[in-house]
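Working notes, structure below.
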Amino acid sequence: MARVYNFSAGPSMLPEQVLKTAADEMMEFGTTGQSVMEMSHRSKEYQAIFDEAEANLREIMNIPDNYKVLFLQGGASTQFAMIPLNLMNKNKKADFIITGQWANKAYKEAARYGEARAVASSADKTYSYIPKTTAADFDKDADFVHICMNNTIYGTKYNELPDTGDVPLIADISSCILSEPIDVTKFGMLYAGAQKNVAPAGVTIVIIREDLIGNAMDFTPTMLNYTTHADNGSMFNTPPCYTIYVAGLTFKWIKEMGGLEAMKEYNTKKAKILYDFLDNSKLFKGTVVPEDRSLMNVPFVTGSDELDAKFVSESKAAGFVNLKGHRSVGGMRASIYNAMPIEGVEKLVEFMKKFEEENA
Ligand SMILES: *Cc1c(COP(=O)(O)O)cnc(C)c1O
Numbered sequence: 004m005a006r007v008y009n010f011s012a013g014p015s016m017l018p019e020q021v022l023k024t025a026a027d028e029m030m031e032f033g034t035t036g037q038s039v040m041e042m043s044h045r046s047k048e049y050q051a052i053f054d055e056a057e058a059n060l061r062e063i064m065n066i067p068d069n070y071k072v073l074f075l076q077g078g079a080s081t082q083f084a085m086i087p088l089n090l091m092n093k094n095k096k097a098d099f100i101i102t103g104q105w106a107n108k109a110y111k112e113a114a115r116y117g118e119a120r121a122v123a124s125s126a127d128k129t130y131s132y133i134p135k136t137t138a139a140d141f142d143k144d145a146d147f148v149h150i151c152m153n154n155t156i157y158g159t160k161y162n163e164l165p166d167t168g169d170v171p172l173i174a175d176i177s178s179c180i181l182s183e184p185i186d187v188t189k190f191g192m193l194y195a196g197a198q199k200n201v202a203p204a205g206v207t208i209v210i211i212r213e214d215l216i217g218n219a220m221d222f223t224p225t226m227l228n229y230t231t232h233a234d235n236g237s238m239f240n241t242p243p244c245y246t247i248y249v250a251g252l253t254f255k256w257i258k259e260m261g262g263l264e265a266m267k268e269y270n271t272k273k274a275k276i277l278y279d280f281l282d283n284s285k286l287f288k289g290t291v292v293p294e295d296r297s298l299m300n301v302p303f304v305t306g307s308d309e310l311d312a313k314f315v316s317e318s319k320a321a322g323f324v325n326l327k328g329h330r331s332v333g334g335m336r337a338s339i340y341n342a343m344p345i346e347g348v349e350k351l352v353e354f355m356k357k358f359e360e361e362n363a
């Protein structure tokens, strides 16, 4: 068996240890005589798996008791609707910062339910930076401010949070969850689809301050109401049981790695290898302003569509897969989530050096 270095933006690599444990436990979990896939979600055995996963996530992310953790379905994209349906119901206004396609989708969906306002945008430069804002830019009567913390497609991330005063800040952390410590108390709500840094696709993690639950619009479908899931421990209906189990394995792996401080150190070191190379290369260059660079998604270009295509195909043949950039940016993108080992990035840079020599 030869595993490739997989730079996919999502679904993406999982830690080898997580895959191995899942494989070992496939036919029988513990002494239950069954796979986790086959368990009733109402069983005592499954409830223990679920509770341990939630407890470990709370511990790793240092989530305060006045926040609920929900395990939902529908992807981060369903949150684009759930957020306004549940939270845009006091003054029916919300502010958005447009830092890319995901942020824009959240904004557009909210505009169907209330007065959504784009406060700032970096569309003028293909979202290659995070726009600066001050407290005065935000509407004090907004029900929330929404940001996308790490922009998967464009490779930017917030290193400093916008000052929104008393207005709850909501962040899509789909592509940076668990990559470094985050101060949950600075947010009204955080959410993330699992398939970038946590588990296979199928579960969406919502971390929401309790006082923000319970004010949904009247016509909100039962399944899209946070109250439904908060009151039923994410088991109003069948949750994505197996995906939550794999997420739990990832949480345990992160604990063993030393928690989020250690992940940050590892991810910073990993990303620096690639950024340092890009900054000194005569052929390749990064597309993002240095101060807003993501630790997780690194887009880069050669400046020639032909050479980009050649690089993507030659790197694939050499065992580095999914390096083609998003169709809206072109070029290349290396997604180097938690599970990407440092050797993967070192070997990629070696390959890029060789390609540069051959094609300069
Ligand atoms: C991938 C991604 C999404 C979309 O997630 P789905 O689970 O496919 O709906 C939303 N936001 C960000 C930042 C993403 O990276």
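All residue numbers in the sequence shown are consecutive under the working numbering, ending with 363.
Idealized CB from N, CA, C, for every residue including glycine.
If you're wondering where the values come from, they're calculated on a predicted model, not measured in any experiment.
Judged by their CB atoms, asparagine 200 and asparagine 325 are not nearer to each other than the 8 Å cut-off. When secondary structure is reduced to three states using DSSP, valine 122 falls in the strand class. Going by DSSP, glycine 117 is part of no alpha helix (DSSP H) at all; its letter is neither H nor E. Note on geometry: alpha-carbon atoms of aspartate 142 and glycine 117 lie some 14 Å from one another. Look at leucine 172 here: in three-state DSSP terms it is strand.
A straight-line Cα-Cα distance of about 8 Å links methionine 299 and asparagine 270. In the assembly as shown, methionine 42 is a buried residue. Its beta-carbon has 16 or more other beta-carbons within 10 Å. Remark: C-beta atoms of isoleucine 133 and threonine 155 do not approach each other more closely than 8 Å. In the three-state reduction of the DSSP assignment, alanine 51 falls in the helix class, which pools H, G and I.
Along the length of the segment 123–154, whole beta strand (DSSP E) runs at least 3 residues long occupy 147–151, reported in chain order.
With at least 16 other beta carbons inside 10 angstroms of its own, methionine 343 counts as buried. Short of 7 Å from the beta carbon of phenylalanine 254, and not among the five residues preceding or following it, lie these beta carbons of its own chain, in chain order: Ala56, Asn59, Leu60, Ile63.
Secondary structure note for asparagine 362: its alpha helix (DSSP H) is the uninterrupted segment 345–362. Distances from the alpha-carbon of serine 307 to those of Cys151, Leu286, Lys47 put Leu286 closest.
Closest in alpha carbon position to valine 291, among Thr305, Ala320, Lys128, is Lys128. The DSSP assignment places 70–75 as complete runs of the beta strand (DSSP E) inside the segment 22–91, in order along the chain (cut-off: 3 residues). Closest in C-alpha terms to glutamine 50, from the list Met29, Gly251, Thr167, comes Gly251. Under the 10 Å beta carbon count, proline 171 is surrounded by 16 or more other beta carbons and is classified as buried.
With a cutoff of 8 Å on beta-carbon distance, phenylalanine 222 and threonine 231 are scored as not near each other. The closest CA to that of isoleucine 257, considering only Phe358, Asn107, Pro184, is found on Pro184.
Per DSSP, reduced to three states, the secondary structure at proline 184 is coil, with no helix or strand assignment.
Contact between isoleucine 173 and methionine 152 does not hold, since the beta-carbon distance rounds to 10 Å and is not under 8 Å. At a cut-off of 4 residues, the continuous stretches assigned as alpha helix (DSSP H) that sit fully inside the segment 219–295 are 229–234, 244–260, 262–283.
About 6 Å separates the beta carbons of histidine 149 and alanine 97, which is inside the 8 Å limit, making them a contact pair. With distances taken between CA atoms, threonine 225 lies nearest to Met85 out of Thr35, Ile247, Met85, Met91.
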